[in-house]
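Asker:
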Amino acid sequence: MQFYRILKILILLPAFLSCATITAQNKTDKHLIEGHLTLDSIWEPKLYLSYISDFSKMYTMSNSMIIAESEVDASGYFKFNIDFLPKENSLYRIHISKRGTSKVSIIIGGNAENHFFLVANNKSYIKIENQSRIFSNVTFHEDEKNKILDKVDDIVKLMDSTNFSAPRIKSEFVTNAFNEQLRHIADTCSYALVSLYTLQRSKYESDLKNNLEFYQNYSDKWKTESSAYFEKFRAKIPERKSAIDYRLLMALGVGAAYLLGYFIGKRNSEKKTSDKRSIDALSIQERRIYSLLVEGKSNKEISEEFNIGVSTVKSHVSSIYNKLNVKSRKEIVDL
Amino acid sequence: MKRLLIFLPLLFVVFSSTAFAQSTDFKITRNLGFKESSKIQSVDIKISEKTSTLKLEIACAVRKGTVTIEIYNPENEKQGEFTIEGMESEGDGSLFSELTEGVTGHINKIINDPSLGNWQIKFIPKDATGRVNIQSRQVLY
Numbered sequence: 002m003q004f005y006r007i008l009k010i011l012i013l014l015p016a017f018l019s020c021a022t023i024t025a026q027n028k029t030d031k032h033l034i035e036g037h038l039t040l041d042s043i044w045e046p047k048l049y050l051s052y053i054s055d056f057s058k059m060y061t062m063s064n065s066m067i068i069a070e071s072e073v074d075a076s077g078y079f080k081f082n083i084d085f086l087p088k089e090n091s092l093y094r095i096h097i098s099k100r101g102t103s104k105v106s107i108i109i110g111g112n113a114e115n116h117f118f119l120v121a122n123n124k125s126y127i128k129i130e131n132q133s134r135i136f137s138n139v140t141f142h143e144d145e146k147n148k149i150l151d152k153v154d155d156i157v158k159l160m161d162s163t164n165f166s167a168p169r170i171k172s173e174f175v176t177n178a179f180n181e182q183l184r185h186i187a188d189t190c191s192y193a194l195v196s197l198y199t200l201q202r203s204k205y206e207s208d209l210k211n212n213l214e215f216y217q218n219y220s221d222k223w224k225t226e227s228s229a230y231f232e233k234f235r236a237k238i239p240e241r242k243s244a245i246d247y248r249l250l251m252a253l254g255v256g257a258a259y260l261l262g263y264f265i266g267k268r269n270s271e272k273k274t275s276d277k278r279s280i281d282a283l284s285i286q287e288r289r290i291y292s293l294l295v296e297g298k299s300n301k302e303i304s305e306e307f308n309i310g311v312s313t314v315k316s317h318v319s320s321i322y323n324k325l326n327v328k329s330r331k332e333i334v335d336l
Numbered sequence: 058m059k060r061l062l063i064f065l066p067l068l069f070v071v072f073s074s075t076a077f078a079q080s081t082d083f084k085i086t087r088n089l090g091f092k093e094s095s096k097i098q099s100v101d102i103k104i105s106e107k108t109s110t111l112k113l114e115i116a117c118a119v120r121k122g123t124v125t126i127e128i129y130n131p132e133n134e135k136q137g138e139f140t141i142e143g144m145e146s147e148g149d150g151s152l153f154s155e156l157t158e159g160v161t162g163h164i165n166k167i168i169n170d171p172s173l174g175n176w177q178i179k180f181i182p183k184d185a186t187g188r189v190n191i192q193s194r195q196v197l198y
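Taken in sequence, the protein lines are chains A and B. Residue numbering for the first sequence follows the numbering used here, beginning at 2 and increasing consecutively. Residue numbering for the second sequence follows the numbering used here, beginning at 58 and increasing consecutively.
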């Protein structure tokens, strides 16, 4: 049953998202977060809106983060006026507290999870409903950004519940599949902050090493986004060596190779010229003896070849050594 | 009727013994009180044999300062966290009285088939006054 649910989400979500991104957002003059909630008696009928300045503060609870409060009336209706919010999209959290406890409380996990997240700005109109249990099944109306956010949260909850019911190895596979799906949503989502929220929910930091190029491309894609959320994200992505650097390095390499080749060629050429010049310095007899030395012949063989004494050969050889600036026969052969 | 009277207690014994044989629970509860503390502490939960489920329930309340609670698996990967920031003004009640003021955080974590080794709950206060209650429950196969 669980498997079919997962399969359904994996198949339907991309279709949903593609529709969501092309649907024009409803224009309205109402700048509100409003809706109806079904609450049971353990909850204080009051909601709190907190500003989340940074993804690392999603699970931080502080009185200083609460920016608005709304009573929930007998019918379950609540309303936050949000004209005072910044014009840029930011992340917010709505939470509720149990009766008789501090209003500043966060409950993470379990059926009594007391909060959910949303993206809003000072012109947003967001309509919210829940089905039964507090915030486990919140539905957004009238706002495409938060509909996607809600689907992302559904995936994360499904991932958690699968992890609870499956053996470790299976849950690793499922987690990887879901995180891949979240990365795909982040990659194709056209709302910058929702996209980054999705990436955050995929726990991208543990995937950085495996998919560095994806995150670098992602960072390039949203390079015009200057919000603190994106600034902090970029700070975590190792910078890529730019293409210009690569081209420059390649050009320098080719240049260095060319220069090296040029100098080696020149040196060989100079050496050959120098050797030729040295051989030119030999007398006719010395050149004849030199040619036999190059063939590897001994002094005795040379004396027999030219019908001269061995001592005369030795004298010529010594002269050849001096003129060619060598110290052995081997060096003559190597010339 | 007589047969039924013999059969029913027998049935009860068989079913109750089966139920007891299915799983063994192992619970640990820790309470920490702290006053203007910045000392990082950790509580280790050792899983030394194959365990069906590890349930962690951590509740923290602060009147003053900041406390972060982090849960790590034996591979030192963070499995959950929250931070609560107190409201500076201190109440008159004792550290362990029910806090209706101040800030509270509560995390429930259920881990199926947890890795063997030390699960760690790290408690990071910054000039904080309050209390924390950690409950862990291991359900063995």
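Idealized CB from N, CA, C, for every residue including glycine.
If the cut-off is 8 Å on Cβ atoms, which residues from the stretch 96-112 of chain A count as contacting chain B, listed in chain order?
Answerer: Flagged, chain order: G101, T102, S103, V105, S106, I107, I108, I109, G110, G111.
Asker: So which residues of chain A does B/T186 contact, with C-beta pairs closer than 7 Å?
Answerer: Looking up residue 186 of chain B in the second sequence gives position 129. Residues of chain A passing the Cβ test: none, with the nearest at roughly 14 Å.
Asker: When we look at the beta-carbon of B/P182 and count the other beta-carbons within 10 Å, is it buried (16 or more) or exposed?
Answerer: Position 125 of the second sequence, counting from 1, holds the residue named residue 182 of chain B. By the 10 Å Cβ count, B/P182 comes out buried.
Asker: Measuring alpha carbon to alpha carbon, tell me which residue in A/L159, A/I127, A/I156, A/Q132 is nearest A/K146.
Answerer: Position 145 of the first sequence holds residue 146 of chain A. Out of A/L159, A/I127, A/I156, A/Q132, A/I127 has the C-alpha closest to the C-alpha of A/K146.
Asker: Is it a yes or a no for the stretch 147-157 of chain A touching the stretch 35-54 of chain A, going by three-plus beta-carbon pairs under 8 Å?
Answerer: With the cut-off at 8 Å, the stretch 147-157 of chain A and the stretch 35-54 of chain A do not touch.
Asker: Measuring only the C-alpha atoms, how far is A/Y78 from A/N212?
Answerer: Taking the first residue of the first sequence as 1, we reach residue 78 of chain A at position 77. Taking the first residue of the first sequence as 1, we reach residue 212 of chain A at position 211. Their backbone Cα atoms lie some 45 Å apart in a straight line.
Asker: What did DSSP end up calling B/Q136 once you bin it into helix, strand or coil?
Answerer: Stepping through the second sequence from its first residue, residue 136 of chain B is reached at position 79. It is a strand residue.
Asker: Select from the stretch 91-124 of chain B all residues with a C-beta closer than 7 Å to any C-beta belonging to chain E, and list them in chain order.
Answerer: In summary, chain E is missing from the structure at hand, where the protein chains are A and B.
Asker: Counting only Cβ pairs nearer than 7 Å, list the residues of chain A close to B/N190.
Answerer: Locating residue 190 of chain B in the second sequence gives position 133, counting from the first residue. Result: empty, since nearest Cβ-Cβ is about 14 Å, beyond 7 Å.
Asker: Using the DSSP secondary-structure output, state which residues sit across from B/A185 in a beta bridge.
Answerer: By 1-based counting over the second sequence, the position of residue 185 of chain B is 128. DSSP, once it has assigned bridges, lists B/S94 as partnering B/A185.
Asker: Within its chain, find whatever has a CB closer than 6 Å to the CB of A/V153; leave out the 5 residues flanking it on each side and keep chain order.
Answerer: The residue labelled residue 153 of chain A in the question sits at position 152 within the first sequence. Result list for A/V153: T199, R202, in chain order.
Asker: Per DSSP, A/D144 forms a beta bridge with which residues?
Answerer: By 1-based counting over the first sequence, the position of residue 144 of chain A is 143. Partner(s): none; A/D144 has no beta bridge.
Asker: Expressed to the nearest angstrom, what Euclidean distance is found between the alpha-carbon atoms of A/S71 and B/W176?
Answerer: Residue numbering aside, residue 71 of chain A sits at position 70 when the first sequence is read from its first letter. Residue numbering aside, residue 176 of chain B sits at position 119 when the second sequence is read from its first letter. Each residue's Cα considered, the two are about 40 Å apart.
Asker: Counting Cβ pairs closer than 8 Å, one from the stretch 257-269 of chain A and one from the stretch 301-315 of chain A, do we hit at least three?
Answerer: Because the criterion of three Cβ pairs below 8 Å is not met, the stretch 257-269 of chain A and the stretch 301-315 of chain A do not touch.
Asker: Residues of chain B with a CB under 8 Å from the CB of A/N64: which are they?
Answerer: Mapped onto the first sequence, residue 64 of chain A falls at position 63. Residues of chain B passing the Cβ test: E142, M144, V160.
Asker: Is there a Cβ of chain B sitting closer than 7 Å to that of A/T61, yes or no?
Answerer: Here residue 61 of chain A is taken as the residue at index 60 of the first sequence, counted from 1. Chain B contact via Cβ: present.
Asker: Got a sec, what are the start and stop residues for the beta strand (DSSP E) A/E70 sits in?
Answerer: Against the first sequence, residue 70 of chain A aligns to sequence position 69. Element bounds for A/E70: 67-72.
Asker: Please report the residue range of the beta strand (DSSP E) in which A/H116 lies.
Answerer: Looking up residue 116 of chain A in the first sequence gives position 115. Taken as a continuous stretch (DSSP letters only), the beta strand (DSSP E) holding A/H116 covers 116-121.
Asker: Classify A/V139 as buried or exposed, calling it buried when 16 or more other Cβ atoms lie within 10 Å of its own Cβ.
Answerer: For the purposes of this step, residue 139 of chain A is taken as the residue at position 138 of the first sequence. Label assigned to A/V139: buried.
Asker: How should A/I170 be labelled, buried or exposed, when 16 other C-beta atoms within 10 angstroms of its C-beta is the threshold for buried?
Answerer: Taking the first sequence and counting its residues from 1, one reaches residue 170 of chain A at position 169. Exposed.
Asker: Does the beta carbon of B/I164 come closer than 7 Å to any beta carbon on chain A?
Answerer: Residue 164 of chain B sits at position 107 when you count from the first residue of the second sequence. Interface residue, yes.
Asker: When you compare the CB positions of A/S63 and B/E142, do they come within less than 7 Å of one another, or not?
Answerer: Numbered from 1 along the first sequence, position 62 holds the residue referred to as residue 63 of chain A. Numbered from 1 along the second sequence, position 85 holds the residue referred to as residue 142 of chain B. Contact: yes.
Asker: A/D281 to A/I321, Cα distance in whole Å?
Answerer: What you label residue 281 of chain A is simply residue 280 of the first sequence in a count that begins at 1. What you label residue 321 of chain A is simply residue 320 of the first sequence in a count that begins at 1. If I take the Cα positions, the gap works out to 11 Å.
Asker: Which residues in chain B sit within 9 Å of A/S172, going by Cβ to Cβ distance?
Answerer: Numbered from 1 along the first sequence, position 171 holds the residue referred to as residue 172 of chain A. Those within 9 Å of A/S172 in chain B are N169, D170.
Asker: Would you mind stating whether A/N112 and A/R134 have Cβ atoms separated by less than 7 Å?
Answerer: The sequence position of residue 112 of chain A within the first sequence is 111, counting from 1. The sequence position of residue 134 of chain A within the first sequence is 133, counting from 1. Yes.
Asker: How would you write the range of the beta strand (DSSP E) that A/K324 sits in, first residue to last?
Answerer: Here residue 324 of chain A refers to the residue found at position 323 when the first sequence is read from its first residue. It is not in any beta strand (DSSP E) - A/K324 instead sits in the alpha helix (DSSP H) that spans 311-325.
Asker: At the 7 Å Cβ level, is A/T22 part of the contact set with chain B, yes or no?
Answerer: The count along the first sequence starts at 1 and reaches residue 22 of chain A at position 21. Unreliable positioning characterises A/T22 in this predicted model, as indicated by a pLDDT of 46, which lies under 50. The coordinate reading is nonetheless provided below. Closer than 7 Å: no.
Asker: According to DSSP, is B/T157 part of a helix, a strand, or is it coil?
Answerer: The residue labelled residue 157 of chain B in the question sits at position 100 within the second sequence. Since pLDDT at B/T157 reaches only 49, below the 50 mark, its modelled position is unreliable, and the value read off the structure follows with that caveat. Residue state, collapsed to three classes: coil.
Asker: Measure the beta-carbon distance from A/Y60 to B/T140 and round it to whole angstroms, keeping in mind my assumption that it falls under 8 Å.
Answerer: One-based indexing of the first sequence puts residue 60 of chain A at position 59. One-based indexing of the second sequence puts residue 140 of chain B at position 83. Between B/T140 and A/Y60 the Cβ distance is about 7 Å, and since that is below 8 Å, they are a contact.
Asker: Under 7 Å Cβ to Cβ from A/E287, same chain only, skipping five residues before and after it: list those, please.
Answerer: The sequence position of residue 287 of chain A within the first sequence is 286, counting from 1. Contacts found: H317, S320, I321.
Asker: Are the CB atoms of B/G137 and B/I164 nearer to each other than 7 Å?
Answerer: Within the second sequence, residue 137 of chain B is the residue found at index 80, counting from 1. Within the second sequence, residue 164 of chain B is the residue found at index 107, counting from 1. In this structure, B/I164 lies closer than 7 Å to B/G137 by Cβ.
Asker: With a threshold of 7 Å between beta carbons, is B/S193 in contact with chain A?
Answerer: In the second sequence, counting from the first residue as 1, residue 193 of chain B sits at position 136. Output row for B/S193: interface = no.
Asker: Name the DSSP bridge partner or partners of B/Q195?
Answerer: Against the second sequence, residue 195 of chain B aligns to sequence position 138. According to DSSP, which records beta bridges pairwise, B/Q195 is partnered with B/F83, B/L111.
Asker: Any idea what DSSP makes of A/R241, helix, strand or coil?
Answerer: By 1-based counting over the first sequence, the position of residue 241 of chain A is 240. Reduced to three states, the DSSP call for A/R241 is coil.
Asker: Within 10 angstroms of its Cβ, does B/V119 collect 16 or more other Cβ (buried), or is it exposed?
Answerer: Counting from one through the second sequence, the residue named residue 119 of chain B turns up at place 62. Buried, since its Cβ has 16 or more Cβ neighbours within 10 Å.
Asker: Is it buried or exposed for A/V295, if we count other Cβ within 10 angstroms and need 16 for buried?
Answerer: Within the first sequence, the letter at position 294 stands for residue 295 of chain A. Burial call: exposed.
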